[in-house]
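Sequential numbering from 0 applies to the sequence shown in numbering that gives the first Met the number 0. I have placed the structure first, in the form of structure tokens, so that the comments after it can refer back to it.
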Amino acid sequence: MSVAVAQYGALSRRAIVNTFRQPRYFIPTLLFPLLFMAISSSAFDRTTEIPGFPEADSFLQFLICTTIIQGALFSSIAAGSAMAVDIEDGFFERLIASPVARSSIIAGRVMGSFVFGFFQAWLYIAIASVFGMRAEGGLLGLLGVSVVAAVFSAGVGSIAAAFAIRTGSSEAVQGAFPLLFSLMFISSGFFPRTLMHGWFQTAAGANPLSHMIEGLRHQVISGIDIGELGGALAIAFGFFAFGLGMSLLALRGRLMAAT
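Structural data, given as structure tokens:
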């Protein structure tokens, strides 16, 4: 048991350290959502005056949770690319040739995504706070937001890892990113569903990201609501369960192909 724990710990630590050691993985994932947040909060700040718009102090306050989830998507794709690089460089083959627990290979990358997602959420919150963003839910509400973001990041990281294991190509993982990222734009991340019309409102209503972001947003613009936060956490865990299942199946298939 202690050996298995040590294996999980070592691979998790490696994934976390490698993420922070390689700027090519985390700098773009941090900067793009911040740039998008800066442009959007400035360009659309007056939309908060539209009748029926949620009672937010500013568009920045409305947008912060979208930025956090957007960042989680970016960082998780970077985690998948790192897994693909391990396969391309032969490190993955050395791992499966060793007596290490197979599930620890996935667990390491998942933990790396979880930790980075948690760190990234607080970084965005800190930067937004410097520019006047105030969270009605206080630190406790923001802690809930960051935990949901970390779980979601681990979930999407698992999905990206599944692509990496199945294809063995970092280019293929990055090529799949637009499919995931498009979910952000067909959601209520940038505009409230109550003010949408037609097919777009229907699509946003069916998009789980809409409900997760809205649950997180409630903690920021209205105050702590356990029901809303619990719903957002359940959706994040749904992504996590789906991604973990995908990655384990992909790992099993690769192991069977190697024997």
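Where is the CB? At the ideal position from N, CA and C, for every residue including glycine. All of these numbers come straight from a predicted model, not from anything done at the bench.
The beta-carbon separation of leucine 59 and alanine 127, rounded to 6 Å, stays under the 8 Å limit for a contact. Exclusion of the five residues before and after glutamate 92 leaves no residue of its chain whose Cβ lies closer than 6 Å to its Cβ. Going by DSSP, glutamate 87 is part of the alpha helix (DSSP H) stretching over 58-88.
DSSP places methionine 36 in the helix class (H, G or I) of the three-state scheme.
When secondary structure is reduced to three states using DSSP, methionine 132 falls in the coil class, being assigned neither helix nor strand. For the stretch 123-189, the full-length alpha helix (DSSP H) segments reaching 4 residues or more read 137-166 and 169-184 along the chain.
Going by beta carbons, isoleucine 164 and alanine 249 fall inside the 7 Å limit. DSSP places threonine 201 inside the alpha helix (DSSP H), whose first and last residues are 197-205.
Beyond the five residues adjoining it in sequence on each side, leucine 215 comes within less than 7 Å, by CB distance, of Cys64, Val144, Val147 and Ala231 in the same chain, given in chain order.
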